[in-house]
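S.K.: Residues 1 to 74 (full-length UniProt numbering) are what the sequence shown spells out, left to right. What follows is a single structure, and I will ask about it in a moment.
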Amino acid sequence: MDLNLRKAILSNISTNDQSQLEATIVDAIQNGEEKMLPGLGVLFELIWQQADEEMKQEMVESLESGVKEAAAQG
1 MDLNLRKAIL
11 SNISTNDQSQ
21 LEATIVDAIQ
31 NGEEKMLPGL
41 GVLFELIWQQ
51 ADEEMKQEMV
61 ESLESGVKEA
71 AAQG
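Laid out in structure tokens, this is it:
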């Protein structure tokens, strides 16, 4: 079976508005289910592709802070 996960995820969210996209992100994070990680990855990829260099730097800095905080919590 040849399944293009990225295309499937994009197809599932292609008609979503901002509030629906936000709800998808919040739900995925709050539930913490492993099966949601590919979808979050695709959403992050879209965000990254739309970001300018300043926004990318801010995201990387936020990510670094988040990783350090998560590591410290164990």
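For every residue, glycine included, the Cβ atom is placed at its ideal position computed from N, Cα and C.
Considering just the uninterrupted stretch of the alpha helix (DSSP H) at residue 36, what are its terminal residues?
M.R.: Note, residue 36: premise wrong, no alpha helix (DSSP H); not H, not E.
S.K.: Can the beta-carbon of residue 39 be found less than 8 Å from the beta-carbon of residue 28?
M.R.: yes
S.K.: Exposed or buried, what is residue 9 when buried is set at 16 or more other beta-carbons lying within 10 Å of its beta-carbon?
M.R.: buried
S.K.: Give the DSSP-derived three-state secondary structure of residue 11 in the structure shown.
M.R.: helix
S.K.: According to DSSP, is residue 66 part of a helix, a strand, or is it coil?
M.R.: helix
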